[in-house]
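Input: a single structure, listed below in structure tokens.
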């Protein structure tokens, strides 16, 4: 029997990897992939606690998050595509025209 | 009375005309503009005439009709009604305004025919008629004040009619500002009257005034309150009626079209001050000090303005100074208590001065817009109708018997001589000299314009000289006719009963109501004495005429020689030609300091440093503050994400710590 702690540690590790990736990577596609990683870390956390408490609400949240993640991916990729068409780059550090 | 019930249509009709022409004037075409402008004023005149005839049919003592249309303002104990009051005094003014006003409207159709702003002109002119009728027909001081301001506004608009011209726009502003100075006095007087008596209704005020304790409280200087009130009222009158010290706007007002000068600045608006003083005769009679001031201002203005008219070369400016001078006569009459003579002179002056102005307009029209008399001459043959009517009116103003001006001016001189006001003999001497000067400058104008040879060099002007169309000459003839016979309403008491005095007595001389008006004014003269007076007046006028004839007809070079010669005469000549430097003195005392103060203190310091400083200071402060934190907005998504992550960490940490 795998302990619950192990699931939570995996979830935390995935989340930190995702967060650090978002903060340090410059490629927009990779950044978005890291965001997916963070979302899935959260999903794993939901499932773990749902199993522990024997409640269905955690499962429902996971479906919700998957749906939102799909939408976010669609919009994010469209933004990346539009950005590449206009600037011929997907490097987030080069996109700073909203600078104050 | 049936005819009097409809009296409120008299002011309303011109208002309808003004609204129609103001809103639709440029769409409905010239014919309809003329229709509305002339139709409304003409109908207004007919209603006024019917009402006047009705008034004549009533008992002399009962000739007053008041109709309250609605209660206008009600606040605490203050009530102002919008009501119409007609009595002999307002009746006479109503007829002058509508009658002369209608004739001038007809004339304007010809004179203004080629102008672009035709509907605008008639809109203003009708609005003026409305305001003026409101002024004379209102039944309380506040309505009079509304009309008073209304005519001031229309005067401003019409003086500045040629608004593209700087001088016209400036003259309009000058007239408005000068009038405002007087208006504030009038307004203060109205407030004071309400403060003391508790009403602004004519009937209430004038019934209460003679026995009112507050008004009559006597101090070392006489009845103080009533003196102050009447002086403030008179300040209003000096503004509107162009008396010293507020007269300087009237000569400049000649920038307006000539029919405007005739209607507003000769026949009607400028006599509003006389109407007001005559209307408030009860109050003025209670304040002997004010009466002296009124008489003195009138007499001094009469001579002062008459001498200024001596060397003007602009035909309209001569007439303008003449108007100021004649208004001085009217106030002199008021000041010596001869209100009837004042109103009589208002009436005859309206006839002959309107005729003179319209005649000068006809001359200017014929001379292609030339106003300088040095360019004119010999117009008698080319413009026969204008010449005849002008000549009649000139005789009338100079004071030649059978013409209207003689009787009214003679009555004023006689009243001044016989008056009870201290110093009346001195005022009489001034007025007599002014009569001589008047005859001189009017005939100077006449000879320079109509006799001799045409002096204009421009052959376009020379070939173009022509008589004006009938639409202009017919009003001239009617006015000249009135200027001839108008005087018979007030024949000297030696010859016939003074019709006008008897008619006006209930308003202007309540004590003598029903009695013989002229006699009640203290004219207990033997007929020999009165005849002697008349002969003297005629002699003075004739002397003026013959002097003018010598200088400007017989030996034109004599006047120039006299003017050129060095010495005291030359100094006087230059001083008069510069209008006694009054404009310059006013500039020096009032205008320049105010301009300098406004420029240096109000503009350069207060506006720039304080007003702008505050506004810009606030903006600068916000901008500097923004500059401090603008660095945080890098535009880089990763920076925002980092800050957000840090923020989340801090929140989580704080949540755990503080739980």
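Chains as they are written, first to last, in our numbering: chain A, 38 to 137; chain B, 44 to 702.
Beta carbons: idealized from backbone N, C-alpha and C, even for Gly.
query: With 9 Å set as the bound, which would you pick, yes or no: does the beta-carbon of residue 163 of chain B sit closer than that to a beta-carbon of chain A?; result: no
query: From B/419, B/511, B/532, pick the residue whose C-alpha is nearest to that of residue 491 of chain B; which is it?; result: B/419
query: When Cβ atoms are compared, which residues of the stretch 661-691 of chain B fall closer than 7 Å to chain A?; result: 673, 676, 677, 678, 679, 680, 681, 684, 685, 688
query: Who are the near neighbours of residue 108 of chain B in its chain, counting only those whose CB is closer than 6 Å to its CB and skipping five residues on each side?; result: 47, 129
query: Any beta-carbon of chain B closer than 9 Å to the one on residue 59 of chain A?; result: yes
query: Per DSSP, residue 128 of chain A forms a beta bridge with which residues?; result: A/64
query: Please confirm if residue 113 of chain A has its CB atom under 9 Å from at least one CB of chain B.; result: no
query: Alpha carbon to alpha carbon, what distance is there between residue 248 of chain B and residue 179 of chain B?; result: 17 Å
query: Am I right that residue 172 of chain B and residue 190 of chain B are in contact with their C-beta atoms under 8 Å? What's the rounded C-beta distance?; result: The pair is not a contact, with the Cβ atoms about 11 Å apart (cut-off 8 Å).
query: Please report the Cβ distance between residue 91 of chain B and residue 53 of chain B, rounded to the nearest whole angstrom; I am assuming they are in contact, meaning their Cβ atoms lie under 8 Å.; result: 5 Å
query: Nearest-angstrom Cα distance between residue 236 of chain B and residue 279 of chain B?; result: 14 Å
query: Could you confirm whether any beta carbon from chain B is found closer than 9 Å to the beta carbon of residue 50 of chain A?; result: no
query: Determine the DSSP secondary structure at residue 47 of chain B, reduced to helix, strand or coil.; result: helix
query: So which residues of chain B does residue 129 of chain A contact, with C-beta pairs closer than 9 Å?; result: 679, 680, 681
query: Does the stretch 250-270 of chain B come within contact of the stretch 303-320 of chain B, defined as at least 3 CB pairs closer than 8 Å?; result: no
query: Please list the partners that residue 135 of chain A has in chain B, where partner means a Cβ-to-Cβ separation under 7 Å.; result: 678
query: Distance check for residue 512 of chain B and residue 434 of chain B, CA to CA, integer angstroms please.; result: 19 Å
query: Pick helix, strand or coil for residue 357 of chain B, following the three-state DSSP scheme.; result: strand
query: Does residue 67 of chain A get closer than 9 Å to chain B when you measure Cβ to Cβ?; result: no
query: If you reduce the DSSP assignment to three classes, tell me which class residue 194 of chain B lands in.; result: helix
query: Where does residue 471 of chain B land, buried or exposed, given buried means 16+ other C-beta within 10 angstroms?; result: buried
query: To the nearest angstrom, report how far apart residue 426 of chain B and residue 329 of chain B are at their CA atoms.; result: 51 Å
query: I need the boundaries of the alpha helix (DSSP H) containing residue 283 of chain B, first residue and last residue.; result: 267-283
query: The alpha helix (DSSP H) with residue 55 of chain B in it runs from where to where?; result: 52-99
query: Would you say residue 429 of chain B and residue 519 of chain B are within 9 Å of each other, going by their C-beta atoms?; result: yes
query: Assuming contact is defined by CB atoms lying nearer than 9 Å, are residue 198 of chain B and residue 312 of chain B in contact in what I supplied?; result: yes
query: Using C-beta distances below 8 Å, list every residue in its chain close to residue 78 of chain B, excluding the 5 sequence neighbours before and after it, in chain order.; result: none
query: Could you check whether residue 115 of chain B and residue 185 of chain B sit closer than 9 Å to each other, using their CB atoms as the reference points?; result: yes
query: Could you tell me which residues DSSP pairs with residue 626 of chain B in its beta bridges?; result: According to DSSP, residue 626 of chain B bridges with nothing at all.
query: Could you pull out every unbroken alpha helix (DSSP H) segment of at least 4 residues lying fully inside the stretch 655-698 of chain B, listed in chain order?; result: 655-672
query: Consider the Cβ of residue 105 of chain A: report whether some Cβ of chain B lies at a distance smaller than 9 Å.; result: no
query: So, do the stretch 50-67 of chain B and the stretch 117-126 of chain A have three or more beta carbon pairs nearer to each other than 8 Å?; result: no
query: Residue 382 of chain B and residue 345 of chain B - do their beta-carbons sit closer together than 9 Å?; result: no
query: Tell me which same chain residues have a C-beta within less than 7 Å of the C-beta of residue 702 of chain B, skipping the five on either side of it?; result: none
query: Out of B/477, B/169, B/270, B/401, which has the shortest C-alpha to C-alpha gap to residue 456 of chain B?; result: B/477
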